[in-house]
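Have a look at the structure below, then the notes.
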Amino acid sequence: MLGNSVDRYGIVSRAIHWLTALFILTLIGVGMYMSDLDKTDPNRMAIYNAHKAFGILIIVLLLARLIWLRIHPAPGLPAILSAAELKLFKVVKAGLYLLMFLVPLAGYTMSVAGGHPVSVFGWFTLPSLFEKSKTLGGFAHEMHGVLAYTLLALVVLHLAGTVKHRLKGNAEADLLKRML
Ligand code: HEM
Numbered sequence: 329m330l331g332n333s334v335d336r337y338g339i340v341s342r343a344i345h346w347l348t349a350l351f352i353l354t355l356i357g358v359g360m361y362m363s364d365l366d367k368t369d370p371n372r373m374a375i376y377n378a379h380k381a382f383g384i385l386i387i388v389l390l391l392a393r394l395i396w397l398r399i400h401p402a403p404g405l406p407a408i409l410s411a412a413e414l415k416l417f418k419v420v421k422a423g424l425y426l427l428m429f430l431v432p433l434a435g436y437t438m439s440v441a442g443g444h445p446v447s448v449f450g451w452f453t454l455p456s457l458f459e460k461s462k463t464l465g466g467f468a469h470e471m472h473g474v475l476a477y478t479l480l481a482l483v484v485l486h487l488a489g490t491v492k493h494r495l496k497g498n499a500e501a502d503l504l505k506r507m508l
């Protein structure tokens, strides 16, 4: 099943979801690792470039997800969830969407304002939308870190919510099942 049904995600939504999760967690790990790398490390440039290109892919996956959801709406949420659970689910989801856009945007801004145009896997270089600026670069750098760790916190909350329902053994509220 390519598209989503009333109670299950189809293969495209599932692929986008798990690829995004994999990339985000890897990007956070690699981001932490590379920012501590010695400037003379011979692999530093390649790691930075890969981090940037996969980071840009997060925005591409976000756009693909939004377009696909317009064509194939997501399955409805189980009626069994309490009002408080529904609210939390929606707030976390909105936060995840916002940060999947803002974290790469801050990364892009930091690089461009730092005078480093962003190449995507060496295939092409993104247009540089900002002038070189120490102030903007420093601000975007700060934001990139803060927002990336906020994103990690939301991913953990999102996971905890789904695992909680799974462990409760309540099939109707098992949101993980329909994404697997
Ligand atoms: C969802 C996508 C992304 C995630 C989750 C992510 C995550 C991170 C994290 C956790 C760090 C370490 C921050 C710190 O400890 O201070 C980092 C560093 C960095 N990121 Fe990203 N990143 C993403 C996308 C991007 C993009 C699109 C770019 C540029 C085009 C980028 C450029 C950088 C750079 C240059 C650093 C190193 C900063 C330094 O040397 O201190 N990131 N990233």
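All residue numbers for the sequence shown refer to my numbering, where the first residue is 329 and numbers rise by one.
No residue lacks a Cβ here, since even glycine has one placed at the ideal position from N, Cα and C.
These numbers come from a predicted model, not from an experiment.
* To do: State buried or exposed for S363, treating a residue as buried only when at least 16 other CB atoms are found within 10 Å of its CB.
  => With a threshold of 16 other beta carbon atoms within 10 Å, S363 falls short and is exposed.
* Contact test: Y361 Cβ vs ligand 1 heavy atom, cutoff 6 Å -> For ligand 1, not one heavy atom lies less than 6 Å from the Cβ of Y361.
* Leaving out five residues before and five after A381 in sequence, what residues of the same chain have Cβ atoms less than 6 Å from its Cβ? -> Cβ within range, chain order: V448 and F449.
* To do: Buried or exposed for Y436, please, with buried defined as at least 16 other CB atoms from any protein chain shown within 10 angstroms of its CB.
  => The residue in question, Y436, is buried, as its Cβ has 16 or more Cβ neighbours within 10 Å.
* Evaluate contact between the region 394-412 and the region 490-507, counting only Cβ atoms and requiring at least three cross-stretch pairs below 8 Å. => Yes: at least three Cβ pairs fall under 8 Å.
* Measure from the alpha carbon of V334 to the alpha carbon of each residue in A481, H400, G473 and V419, then state which is nearest. => Among A481, H400, G473 and V419, the Cα nearest to that of V334 is on H400.
* Cβ shell of Y376 (< 7 Å), same chain only, five flanking positions each side left out -> The residues are M362.
* Please state whether DSSP places V334 in a helix, a strand or coil. => Secondary structure of V334 (DSSP, three-state): coil.
* Is it right to say Y425 is buried, meaning 16 or more other beta carbons lie within 10 angstroms of its own, or is it exposed? -> When all chains shown are included, Y425 counts as exposed.
* To do: Specify the secondary structure class of T453 as computed by DSSP and reduced to three states.
  => For T453, the three-state secondary structure derived from DSSP is strand.
* Compute the beta-carbon to beta-carbon distance between A434 and H472, rounded to the nearest angstrom, for a pair I have assumed lies under 8 Å. => Contact between A434 and H472 holds: their C-beta atoms lie close to 4 Å from each other, under 8 Å.
* What residue range is occupied by the uninterrupted alpha helix (DSSP H) comprising P432? -> Segment A411 to A441, the alpha helix (DSSP H) holding P432.
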